[in-house]
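The letter at position 84 of the sequence shown is residue 83 when you use numbering that gives the first Met the number 0, and the numbering goes up by one with no holes.
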Amino acid sequence: MTEGDYRHVYIIIEHEEGKILQVSLEMIGEARRMLDDFNKKYSSKEKVVAVLLGHNIKDISGVLIQHGADAVICSDHPELRYVRNTIYTKTIFQIATDREIAAKIEPEYAIQFKRPRYMFFAADSIGRHLSSTVLAHLESGLASDINKLVVGDLQITHQNKTGGKPMTYEKTLEMYRPDFSGFLWTTILCLDNKNPAMQKDYHPQSCSIIPGVFEIIKPDPSRKGMIIEHVPKFDAQDLRVRIIDRKIIKSEIDFDSRKTIVSFGRGIKDSPEQNIKMIEELASELDAQIGITLPLSKKPFSVSQATDSSYLIPDRVIGISGRKVSPKVYIAIGISGAMQHISGMRDSEFIVAINPDENAPIKDECDVFIKGRMEDVVPIMIEEIRKQKQVVQA
Ligand SMILES: Cc1cc2nc3c(=O)[nH]c(=O)nc-3n(C[C@H](O)[C@H](O)[C@H](O)COP(=O)(O)OP(=O)(O)OC[C@H]3O[C@@H](n4cnc5c(N)ncnc54)[C@H](O)[C@@H]3O)c2cc1C
0 MTEGDYRHVY IIIEHEEGKI LQVSLEMIGE ARRMLDDFNK KYSSKEKVVA VLLGHNIKDI
60 SGVLIQHGAD AVICSDHPEL RYVRNTIYTK TIFQIATDRE IAAKIEPEYA IQFKRPRYMF
120 FAADSIGRHL SSTVLAHLES GLASDINKLV VGDLQITHQN KTGGKPMTYE KTLEMYRPDF
180 SGFLWTTILC LDNKNPAMQK DYHPQSCSII PGVFEIIKPD PSRKGMIIEH VPKFDAQDLR
240 VRIIDRKIIK SEIDFDSRKT IVSFGRGIKD SPEQNIKMIE ELASELDAQI GITLPLSKKP
300 FSVSQATDSS YLIPDRVIGI SGRKVSPKVY IAIGISGAMQ HISGMRDSEF IVAINPDENA
360 PIKDECDVFI KGRMEDVVPI MIEEIRKQKQ VVQA
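Take a look at the structure:
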């Protein structure tokens with residue numbers, strides 16, 4: 000393996016019946032910024048490549064180019080209309096290892112091309128599943144739920160990777176992942192084994208990216224790019240799973256029509272049942288819908304059956320593993336503000352957080368931070384809202 004075996008950033012685009020998801024445009028934006036610096040620094044001509052699968056989707060390729068892609072590889076096939084992991088994985092694998100496609104993207108790099116250098120997926124339910132199966136087929140590593148990317152030349156000494164000797168890894172993607180509710184960042188590297196005793200390449204360096212963290216580039220209708228068509232190859236085995244009918248199940252928890260959402264997190268811990276009742280009262284005064292953080296849907300506290308089945312349910316989770324909301328007012332009670340939660344509510348117009356810890360990351364995301372325990376703050380809010388209502392009615 001040599002460094003020239005890997006070229007370009009391939010981005011797996013998601014869309015719903017032809018409507019491109021925001022996160023896909025965000026990934027293109029970040030890849031564009033990253034590669035512009037990269038090409039300047041390394042005097043190279045590597046490209047931002049969008050990989051688009053579906054049926055009757057060629058028309059949306061132009062949108063991807065306007066948002067920063069140099070090339071769109073479009074696999075348009077009736078069997079690809081809906082995401083099915085087996086055939087999507089196979090198609091992406093075919094695209095990622097296709098030298099003819101690479102020759103169209105940049106002829107100069109085609110002879111040596113083996114794999115993309117980097118590959119991005121969305122950190123949503125489809126992207127997380129696909130990224131794991133695609134990278135398993137490509138026999139490389141994967142970092143999940145990333146919110147910062149840096150390319151660097153690193154000196155690494157590692158018993159297995161480098162045989163204990165210091166070695167330089169050029170153009171390494173440092174993938175940052177928020178952990179411990181956003182209080183710590185873990186840096187994940189996907190490194191080739193350069194140790195002569197156990198050489199193996201680990202490319203593409205790949206990750207899934209949290210929606211809402213990177214900026215979309217302002218679309219430029221005059222941007223030029225190429226559209227490359229790919230014809231996927233399936234065999235009978237691949238098509239054993241068929242979609243006969245498809246219904247989108249609408250959630251019973253209606254966040255969209257409410258102006259206010261009151262959400263709570265693990266901060267209810269000191270008296271979960273009473274605190275949920277208190278939050279329910281506040282929500283009722285505000286005619287608000289109630290949301291929760293992901294850990295609460297895993298039922299970490301003992302509460303009555305009625306409270307459990309009404310509130311501690313996956314349908315109420317807000318964030319990358321749940322719903323994306325954008326009410327006029329979002330009240331976060333006992334929520335630390337992990338990136339995975341924030342990306343589901345940061346489009347709210349006005350955000351209030353109640354938390355005794357002023358170092359909680361939610362403080363940087365809210366318009367009003369009330370430092371205090373919910374047990375002290377929420378009753379005052381309820382009382383004040385009731386008083387205000389009486390004034391309005393009088
Ligand atoms: C792949 C992946 C996907 C994820 N997806 C999601 C997702 O979609 N949505 C999501 O929410 N999370 C998600 N998470 C989890 C996320 O990383 C955080 O762990 C989670 O959001 C933290 O929940 P929390 O704020 O309720 O709890 P904590 O982080 O434990 O925070 C509790 C907060 O309550 C405060 N507190 C304590 N006592 C009180 C009190 N008396 N009154 C008021 N405040 C108090 C504390 O100071 C603290 O800030 C995901 C994680 C991973 C790895």
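Glycine included, C-beta positions come from ideal geometry on N, C-alpha and C.
Check: Contact check, residue 69 vs residue 46, beta carbons under 9 Å; Outcome: yes
Check: Helix, strand or coil at residue 343 [DSSP, three-state]; Outcome: helix
Check: Cα-Cα separation between residue 128 and residue 348, rounded to whole angstroms; Outcome: 32 Å
Check: Residue 335: CB within 8 Å of a non-hydrogen atom of ligand 1; Outcome: yes
Check: Sub-9 Å separation of residue 360 and residue 372 beta-carbons; Outcome: no
Check: Residue 364, DSSP secondary structure in three states; Outcome: coil
Check: Three CB pairs or more closer than 8 Å across the segment 260-273 and the segment 281-298; Outcome: yes
Check: Close Cβ partners of residue 50 (< 7 Å) along its chain, the five nearest in sequence each way excluded; Outcome: 9, 10, 11, 12, 72, 91, 94
Check: Straight-line Cα distance separating residue 192 from residue 160; Outcome: 4 Å
Check: heavy atom of ligand 1 below 8 Å from residue 295 C-beta; Outcome: yes
Check: CA nearest to the CA of residue 56, picked from 382, 77, 197, 183; Outcome: 77
Check: Residue 130: CB within 8 Å of a non-hydrogen atom of ligand 1; Outcome: no
Check: Rounded straight-line distance, which links the Cα of residue 218 to that of residue 378; Outcome: 47 Å
Check: heavy atom of ligand 1 below 8 Å from residue 339 C-beta; Outcome: yes
Check: 6 Å CB neighbourhood of residue 117 in its chain, flanking five on each side removed; Outcome: 8, 172, 203, 204
Check: Whole-number beta carbon distance between residue 220 and residue 21, since they are thought to touch under 8 Å; Outcome: Not really, about 19 Å apart at Cβ, beyond 8 Å.
Check: Cβ neighbour criterion (16 or more within 10 Å) applied to residue 120; Outcome: buried
Check: Inter-residue CB distance, residue 335 and residue 264 (contact presumed, cutoff 8 Å); Outcome: 7 Å
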